[in-house]
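Residue numbers (my numbering): -14 to 1054.
We treat Cβ as the ideally placed atom computed from N, Cα and C, and that holds for glycine.
Worksheet: one structure, shown below.
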């Protein structure tokens, strides 16, 4: 769509700045000062209601209200002709980036609550390569660069879950209907959605009564295209070639869409079909510092428990405490991501326009395979045992943090097949294959029964599945680590502990052995039926009351999660038999030397290489599990081992036939929701009320009843979880270098633990019902035709994620501690959790001074209650098999206190059409968000291996919350050329209060910024060719560990990933 507008208003705007008077203040007193705004027709959004709810006051909105059925101006004029008639002076044609920004600005301006949006003029024109990355450009939205919040070791190249205004209580919708992925949460995995098929993405930050409840942070609505979005036949084709400069692999992306309308004797029909395929190869490397421990020379109470600990680290003065790591790690991860998307729509409109029917289908099929190899110091079981290599010393900074040194360990003996010196160093080869599919079917009928009365009926069925195969094979060797942390990135060298040439030592298959294997499976499915009916009465334009709307919605969602425990087992070890099974003991066809070529773009260890089992374990699961079991057989039969062994998940005793899951690893949840609401819209006309201010808004009340049911198991530990496959306690504890804290118990205590640990699984079912009344009030005031202020209030809820509502408890010994402890884990679930509640307020000021020109500010405040606190610890006495044990239960709970999150957003965008010559193609889009949380409750303190280090988590911020987020985009469009450079930055944020690996410390993600860019050239009206780059500055993602009660942070991880480049073509017929 081309839009014609006046340049003279821009010139007036510039002159006003020159005389030193605030243009914003001037417009509030002089109506019509800024440019009269005419806007391109935005893509039709929110299929349930014929478009996002817009202001019905043409003076306040600054544009003719769109027709609810077609999205065209209400006057019925041709949009271009209407805009041309309104234009004066020089003509400016708005296309490409400008058209998308104008559409987004129109959505924000005309909305009945607080909304931001991204729109795409053409298929494939969403400004980023994934929905997640596109969303980070929206004010108040930030994304994570890690695969999961509590997994700080694994990077996400295209970003992962989003946070809105510092909170992760986010809902997602396809075309205004609820949608989800069965990964346990409430929202879609946005990185799984094909951006090529979307026409717009809207982020609601407050609520109206007719909107589906559940998103305190916000609701993200993904809108696909519909046939009636365009009156003319449309055919789009987009093709890209993607290349990652780190992975050094290319891959294709292609998408297409065809749409056509047909006029018949009974009305107009429309058909649309679209599809997309995208593949991306990428790589991420990591350098890591492992497990800082408090070190001293003498005897002192480190953790405040009244008991002195002893350490003998030379070079420290009496009473001096320093912090030194036990080693380091290097990891490289390669990804193969595929996204397959499909969308279709049928529409019918009667000749008298009283009936509009729409059928829609959206399919998202996301597949990812990744493989990882690591060299990393094993972090547990070596409390204050490491020391500087003989003849060397550590150096420390003024803050007591380790800076340089060569870390070693002298175990005082030579284990069978091992080394006296050096830390156990893990050589892992891990593979993961995941596939997530969501199919969404929706139907909608709008009926204008009379001039004033209309009805809306909507139905939906959504089905989602997720499957994952995860297999790791761990090798081990022994090494010292030379570490220098004084530069921008760690300088790491793994050294042969026996003084030999390091490169030759690690390349020798006789110096590395097969240690363990671990597999894990997920097979989840879920579906939802939802139905909605509304009735709207129109009071007419002359009435202060505009519309009254009532409606009801019913939804029934069921979900089954099959989630196996991470099934770890030993393959061979140094502590039994005549020694472990080395790689040299097996057929050389089954393993190979992996060289970490160009690791961390050459800033990692040079010459690093080690032996690993061949291939991606997940991709070759059957072959590699057989190979691993053969290794274990060698250990038992040829090396004389009497203990240990790994059984693949699917071969465990008692699994459900034909699956890899025990009955206790299968959980079901169901949820039924019933909602009813009433909404009243109002607005003034003319200048006879409120001193000439133009006022519009809505007030409403939503009632929602939620009924949850969860089925699961209460499971006790097995004997194997305590002493593995050892025949007796004596055999298990008699193994050389045995570090299990179980062996520190008395004989009577050991027997009680084994009696208690009989593997019993007890079925448990829980039910809950919640009722909520959710009022809302939205007020929009037009101070001048182009200066708007809003006030929005609503009460909102966010239900716990389905993974948090699972009715399952697994008792097992805690790993990584120096004292024996049974822990009642629940996979972070508690079926009695209540929804989080919030009273939320927004106040905005919005100045729209051009068709692509706005300066807006929004202040927000959310008062939160029932906040879900993870890792709340409570010790309970549990009896099983006649024996009572104290069990530490760690599960989420609702906090009793109130919390709040407040802050503000500033946003500015403008095209500089008024500048002379080539400069008139320039434009800027920028926004800044500040978030300030208060009284945020936190859960269990982190626990280090030993000595126990309790972190005061009440001093930590909310997970995922950056106080500062900045976006800046500079673009240029002139003639056929379109250029765009976009920079995103967010300040430091807490990634997790408890890392998932020992020593379980809180992890911060450091401040991070990334620059992306696009060049697009229009060869003619139908064909465009371009180039896009992501991560152009080769940014480094860093994390830090909190290592003591005072909150001291120390370096943990450094990640680098591809600079990604795409050659793109777009063809429109």
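Item, Value
"Among 370, 368 and 389, nearest to residue 378 - alpha-carbon criterion", "389"
"Contact check, residue 628 vs residue 716, beta carbons under 8 Å", "yes"
"Three-way DSSP call (helix, strand, coil) for residue 741 in this model", "helix"
"Residues bridged to residue 897 (per DSSP)", "According to DSSP, residue 897 bridges with nothing at all."
"Own chain, CB closer than 6 Å to residue 99, minus 5 neighbours either side, in chain order", "190, 191, 777 and 827"
"Residue 521, enclosing alpha helix (DSSP H) - first and last residue", "Premise fails: residue 521 lies in the beta strand (DSSP E), 498 to 523, not in any alpha helix (DSSP H)."
"Distance between residue 131 and residue 1041 (C-alpha atoms, nearest Å)", "12 Å"
"Local Cβ density within 10 Å of residue 178, reported as buried at 16 or more and exposed below that", "buried"
"Element boundaries [beta strand (DSSP E), containing residue 445]", "438 to 469"
"Where residue 980 falls, given that 16 or more other Cβ within 10 Å makes a residue buried", "buried"
"Cβ pair count under 8 Å reaching 3, the segment 467 to 477 against the segment 560 to 578", "no"
"Extent of the continuous beta strand (DSSP E) to which residue 120 belongs", "No beta strand (DSSP E) contains residue 120, which is instead part of the alpha helix (DSSP H) from 116 to 120."
"Classification of residue 416 by the beta-carbon crowding that lies within 10 angstroms, buried from 16 upward", "buried"
"Collapsed DSSP secondary structure at residue 800 in the structure displayed", "coil"
"Beta strand (DSSP E) segment containing residue 610, residue limits", "Looking at the DSSP string, residue 610 is not in any beta strand (DSSP E); the run it does join, the alpha helix (DSSP H), is 606 to 622."
"Alpha-carbon spacing of residue 1048 relative to residue 988, whole angstroms", "37 Å"
"Residue from 551, 676, 198 and 444 with nearest C-alpha to residue 645", "551"
"Residue 538 beta carbon less than 8 Å from that of residue 516", "yes"
"Whether residue 784 touches residue 170 by CB criterion (8 Å)", "no"
"Identity of the residues DSSP links to residue 420 by a beta bridge", "352 and 452"
"Contacts around residue 753, its chain only, beta-carbon distance under 6 Å, and the 5 residues preceding and following it disregarded", "693"
"Contact belief for residue 966 with residue 996 at Cβ below 8 Å, rounded distance in angstroms", "7 Å"
"Rounded C-alpha distance that separates residue 910 from residue 892", "8 Å"
"Option in 486, 1021 and 354 with minimal Cα separation from residue 453", "354"
"Bridge partners - residue 761, DSSP secondary structure assignment", "685 and 779"
"Contact check, residue 557 vs residue 500, beta carbons under 8 Å", "yes"
"Other residues of its chain near residue 908: CB distance less than 6 Å, five sequence neighbours each side excluded", "896 and 956"
"Close-in-space but distant-in-sequence residues of the same chain around residue 123 (CB under 6 Å, 5 per side omitted)", "101 and 188"
"Cut-off 6 Å between Cβ atoms - residues of its own chain near residue 1045, not counting five sequence neighbours on either side", "229 and 1015"
"Close-in-space but distant-in-sequence residues of the same chain around residue 700 (CB under 6 Å, 5 per side omitted)", "649, 746 and 795"
"According to DSSP, residues forming a beta bridge with residue 651", "547"
"Nearest neighbour of residue 1057, chosen from 685, 595, 719 and 631 [CA to CA]", "This structure gives no information on residue 1057, because the portion of the chain shown stretches from -14 to 1054."
"Straight-line gap, residue 488 to residue 136 (C-alpha atoms, nearest Å)", "31 Å"
"Option in 853, 871 and 854 with minimal Cα separation from residue 861", "871"
"Close-in-space but distant-in-sequence residues of the same chain around residue 928 (CB under 6 Å, 5 per side omitted)", "Residue placement at residue 928 cannot be trusted, given a pLDDT of 45 that sits under 50; what the coordinates show is reported in the next sentence. 985."
"Residue closest to residue 770, alpha-carbon to alpha-carbon, out of 835, 729, 856 and 789", "835"
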